[in-house]
Amino acid sequence: MSDTTKRTRETPNSSTDPDGPAQAQYGGDQVKAAALQKDVGLFSGICLIVGTMIGSGIFISPKAVLSGTGAVGPCLSVWAACGVLATLGALCYAELGTMITKSGGEYPYLMEGFGSLVAFLYSWTTVIVLKPSSFAIIALSFAEYAAVPFYPGCPPPAVIIKCQAAASILLITLVNSLSVKLASYVQIFFTVAKLLIILIIVIAGMVLLAQGNTENLTNAFEGASPSFGTIGLAFYNGLWAYDGWNQLNFITEELKNPYRNLPLAIIIGIPLVSVCYILVNIAYFTAMTPIELLQSPAVAVTFGDRVLYPVSWVVPLFVVFSTFGAANGSCFTAGRLTYVAGREGHMVKILSYISLRHCTPSPAIIFNGILSIIYIMPADINMLINYFSFAQWTFYGLTVLALIVMRFTRKELRRPVKVPILLAAVVFLVSCYLVLAPIIEQPELEYLYCAIFIFSGLIFYFLFVHYKWSWTRRVMRPVTKYLQLLMEVVPPEKTE
Amino acid sequence: MAYRLPPCETERRRLVLCTRPLPLKPGSRCSNKSTLFTSVRGSRDLVSFSFTHTPEETCPARAMPSEEPNGCSMELKEGIDNSTFQDEESGDVEQGCAPEETAPQEDRDSGFKQIKPYAGMPKEVLLLYSSQPCYRLPREILFWLTIMLTLALIALTITVIALSPRCLSWWQSSTVYQIYPRSFMDSDNDGVGDLRGIKEKLDHFEYLNIKAVWISPFYKSPMKDFGYDVEDFREIDPLFGTMQDFEDLLAAMHDRGLKLIMDYIPNHTSDRHRWFQLSRNRTQNYEDYYIWANCSRTKPPNNWVSIFGNSSWTYDEDRGQCFLHQFLKEQPDLNFRNPRVIKEMNDVLHFWLEKGVDGFRMDAVKHMLEAPHLRNEPQVDPEQPPDTVDTEFELYHDYTTSQPGLHDIIRGWRVELDKYSREPGRYRFMVTESYDYEEIDKTMMYYGTSFVRESDFPFNFYLLYLPKYLSGQGAFDLVNLWMSNMPEGKWPNWVVGNHDKPRISSSAGAEFVRAINMMLLTLPGTPTTYYGEEIGMENVNVTEIQDPFGKFDPNSTRDPQRTPMQWSAAENAGFSTNKTWLPVHPDYKTVNVEAQKNESESVLQQYRALSLLREAELALQRGWMCYVWSDKDVFAFVRELDGLSRAFLVVLNFGRDAVTDLSWVAGLPDELTVHMSTRYAARGERRRKARLETARGEGLLLEYSTQRRLNSNPAFKCFVSEKACYLSELDILYKC
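Residue numbers (the UniProt record's numbering), protein chains in the order written: chain A, 1 to 496; chain B, 1 to 736.
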């Protein structure tokens, strides 16, 4: 694919009326190139990172870390240490992201570092399972938090949670396929909302501290039961709360000035999240004892009821906002991976096409949305997905390994950000631990099934990617053509 | 429709066509609908694009020269394009949508017009076709359908939420299990049960599917009335453990989703309580904490008598006055007309609510207030010499029970509990204890009204009389007594035993235990199970009386129903390895939890099956109850829920072997399936409604499927607390 024609990118026309007649938009010179626009600035980028990392976990169940450490002091230390680890991991990603400025998260790095096969397995697992299922889970928890206040004392009926989750998936998919700008505005709005509620909780906590509610924070290291296994478990759970640091790497191509904004967003966003997490945890401890925190079904809501009454309703409301924002962020980036994988021929081509009218990778986003809706249908998806978590960390580890490998194999690449190789090694070891820890802790057959699923991607790889079975293209061609006509999508144009 | 691949050769030819320079008005801008690209750049887009992108799909591009000298430009004139457009519109839609097969053959002005859509086409090609109605319409229809679907889902959600009935709280969905802590489990082998013992046995509740546990008092106490004489409301008696033990127990219970209900004893304290000490020496502010009256050493202020016998007044040497005690003389009555006392006792509530206690059983509430005028109470038998009046039942308690103001205090507690009920999943429960005997309306007042809430329910003690009226009719009367007096919309409850009353298995007869458990767990409302009832424990003959009431009157001793729980066939029934504070029942080798767990169809197994069924079946949880039969032997009722075809018929035999004919009940099918019989494993057997045989003491739970509801038939007397209907399509309940 030698690309010799260099062309200038046409100026994006931001004032097109989405509802106007389609033809009118294309009538003049002011036509967008059918390519993803560089719409994401530094602020949107930070919002994307912060908005996806801070989901609902910190509000609902920040207890896994506490239950592992047993006391307040070690608990806060673990939160802080996890923040440092996440920042280190993200710095590695900053190096990769500025070295290989392609969207798709780990995918292009694995491609460069280990070649097509590993990248395919990554995209296969992520596109088919990890991304849509995490979108589905976030949507389900959004629906649950939205419904719970109406059902005091009992779980809401499954049908309304599923309906609401499906509705939110449809809505978010719609927004994301209509406009990148709109999607990032949505992201900014909900991120600001979640930072606002964090601010409220933190300020309330400060006030309580000032009033002398410090009994849970004094002698914070007393009663700690530091055994290697439990601390490890606490780290494991704590790092999950920071999951999402790589969100920006999924949309590198859409970043304005990625060389500056990608690393900057990472080193602003992740420490910001860490500080939020620690302050919120301190605030929680001003109002409840560790045991109460462990037993609360929704910690922030309990905190709100105790501290913010009579305006305690803001907490559940903002938790719902926060979850919705996380769902939007998840959808936003998931679409990009599917798009890149399609572009490289690892997924059907149509997924890499771009909406003419809206300049969004709408086939990829809609594909992800459809899979997510399928995933919300079974009774309990959480269990299954938990087993796939090790796959996530495997790919993180491989990506960092790719960074180390490329230091030797691809010396010539420009690296605007360069992290010490030792740091990458630390992140790699941590991810090895996070892959192995749960399996060793509780070896279960399900992990094997997940591994089988991941490696079943090999069959597809060799049939469709490597040997390029002809009949698949014979089937896909008319499908692609009609879908193109139906959705008004075209292959992305090169813009330099 | 057979699909033909566009031959590469053709494609190539067509594309080459477009490189031919065309007459062009550079930069001309056509706002015309059909005009696509007028600029040179537009066509360059096409060429370069089809070249660079996806060679395997756009095979024509491979043949293209990489350097496009001039690029090609085009201008589609309105007329031409319109003609194409009209062609297709006037033609068959199917054809219109398959332009590669019906593409106009004429090649008049532009090569572009001939390009058929192909997979991976760039925007120039796409735009030639995508605005055709056959693509635009489905696109817009799909778009609007998606929006409509989203809105419909949101509307559906809102409708379901709006129509949902209030859901059952934890105290409604679970059995309340009463633990007498002295006798439940001994962890330190001192012969008396304790809190850590309870913690060891939490598995038992999980096994029985019980979520709410009421623990009789474990406050610091001199144990004159085994914990009901409280020396300090904020401490645990060392006999039962420490505050740390309590907190551990509470945390362990909450970890398992169990709720802890405590005893709250507002009427009196121990005479060793600090308040009483301060009150008897007239310390400022404490003088009126108790009810003091002037009297002489020998002559009490009036004729009031204690529940435990003799005068309820005792002369206090220190203060030179008499204090009132409606129970033991070591249990002086608090003065609830004193706002300080109300505040103190509210603080006690707060203390335990802060710790996370989930509910309170309010002890002896009807005794809280007494008439301030201290007049004599009328004698039941006016002829009886006043000197001989020394028991509770010889006076009408017009001035010592249920006095005006009582319910205001209880409403106040409700407000305090509600302050702690706001947190999600933390509803704080209140149940009141009041024996009002034939004055059931007084009991019902503790339910509150539709606009002021009091307790969630007052204990229903009327089934305690079942042994006295043991018959089908008797059971019906006692059940109906509560159901017909209960205010509308309230939640019933059923008690067949507690630490004050003889065990039902002894008073009714062991052969009725299973049927009584079945009745308890299939009636609407919350069942209460006193420890040991789930295995059919019986009274024990206690020779060495421990109970102060029993010491006053051996016939009233409550020791027999307070003996240690029978856990296993081990020494002392696995309760303790030391000498137990009350003797263990001699039959513990066979009647114990461990043995019954291993024995199918044991009392324990049946209890568990019913408890699980009660949770699983909506009809049993919150459905209608309709009486269908009562005679001297048999009491039968139906549990059904509107919209749910599965319903249950419960047939309980409290007399002799009997055959019941229910053929007149039109709503029942002719044949019903046995879900469970307490006599033997009969599950799945078919029974004819015209001939329902039950043996003495048998409980028969029959299930059937029907579309006809008894509750819609005025011939049947039916009750439901809050009406709800089931919608099977969505698996939801809705208000109806």
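Positions of the beta carbon are idealized from the N, C-alpha and C atoms, including for glycine. Predicted, not measured: the structure shown is a model, and the values here were computed from it.
Would you mind working out which of the options sits nearest residue i, comparing C-alpha positions?
i        : options                                : result
B:Pro560 : B:Asp547, B:Pro238, B:Phe552           : B:Asp547
B:Val230 : B:Tyr207, B:Lys329, B:Thr298           : B:Lys329
B:Met430 : B:Ser455, B:Tyr446, B:Thr449           : B:Ser455
B:Tyr446 : B:Asp186, B:Ser721, B:Val365, B:Arg426 : B:Val365
B:Tyr437 : B:Arg696, B:Ala690, B:Phe461, B:Leu618 : B:Phe461
B:Leu137 : A:Glu493, A:Pro492, A:Glu488           : A:Glu488
B:Thr590 : B:Tyr607, B:Gln566, B:Ser611, B:Glu601 : B:Gln566
Please classify residue i: does DSSP put it in a helix, a strand, or coil?
i        : result
B:Leu727 : strand
B:Cys718 : strand
A:Leu485 : helix
B:Cys736 : coil
A:Gln211 : coil
B:Phe184 : coil
B:Glu200 : helix
B:His268 : strand
A:Tyr242 : coil
B:Trp313 : strand
B:Ile215 : strand
B:Met362 : strand
B:Asp547 : coil
B:Thr694 : strand
B:Asn493 : strand
B:Thr58  : Caution applies to B:Thr58, whose pLDDT of 38 falls short of 50 and renders its modelled position unreliable; the model cannot decide the point.
B:Asp398 : coil
Taking CB distances under 8 Å as the criterion, tell me whether residue i reaches chain A.
i        : result
B:Thr590 : no
B:Ile198 : no
B:Ala695 : no
B:Thr449 : no
B:Ser164 : yes
B:Tyr726 : no
For residue i and chain B, any beta-carbon pair shorter than 8 Å?
i                      : result
A:Cys154               : yes
A:Gln211               : no
A:Asp305               : yes
A:Phe150               : yes
A:Ala22                : The pLDDT assigned to A:Ala22 is 37, lower than 50, so where the model puts this residue is not dependable; a value taken from the coordinates is nonetheless given after this. So, interface residue.
residue 521 of chain A : Outside the modelled stretch of chain A, which goes from 1 to 496, sits residue 521 of chain A, for which no answer is possible.
A:Val301               : yes
A:Lys481               : yes
A:Ser14                : Residue confidence is low: A:Ser14 scores 35 on pLDDT, short of 50, so the model does not pin down where it sits. No coordinate-derived value is stated.
Which bits of chain B does residue i rub up against, with CB to CB less than 8 Å?
i        : result
A:Glu292 : Gly356
A:Asn82  : The residue asked about is misnamed: residue 82 of chain A is Cys in this sequence, not Asn. Correct list: empty, because the minimum Cβ distance to chain B is about 25 Å.
A:Pro297 : Pro424, Gly425
Along chain A, in chain order, which residues have C-beta atoms closer than 7 Å to that of residue i?
i        : result
B:Tyr129 : Leu485
B:Cys167 : Tyr151, Gly153, Cys154
B:His350 : Here the premise fails: no neighbours, minimum Cβ distance about 13 Å.
B:Pro138 : Leu486
Using a cut-off of 9 Å between C-beta atoms, extract the partners of residue i located in chain A.
i        : result
B:Asp731 : Pro157, Ala158, Val159
B:Ser170 : It should be noted that the sequence gives Trp, not Ser, for residue 170 of chain B. Here the neighbours are Gly153, Cys154.
Run down chain B in chain order and give the residues with a C-beta less than 9 Å from the C-beta of residue i.
i        : result
A:Ala402 : Within chain B, no residue comes near A:Ala402; the closest Cβ sits about 26 Å away, beyond 9 Å.
A:Ser274 : Simply none; closest approach about 27 Å.
A:Leu264 : Within 9 Å Cβ-Cβ: nothing; A:Leu264 doesn't reach chain B, min ~32 Å.
Please list, in chain order, the chain B residues whose beta carbon lies closer than 7 Å to that of residue i.
i        : result
A:Leu317 : Under the 7 Å cutoff, chain B gives no residues; its nearest Cβ is about 14 Å from A:Leu317.
Is the beta carbon of residue i within less than 7 Å of some heavy atom of the ligand ADP?
i        : result
B:Ala690 : With respect to the ligand ADP, the structure shown offers nothing to examine, as it has no ligands at all.
Complete beta strand (DSSP E) runs within the stretch 227-270 of chain B (minimum length 3 residues, chain order): 232-236, 259-264
Beta strand (DSSP E) runs contained entirely in the stretch 386-433 of chain B, provided each spans 3 or more residues: 429-432
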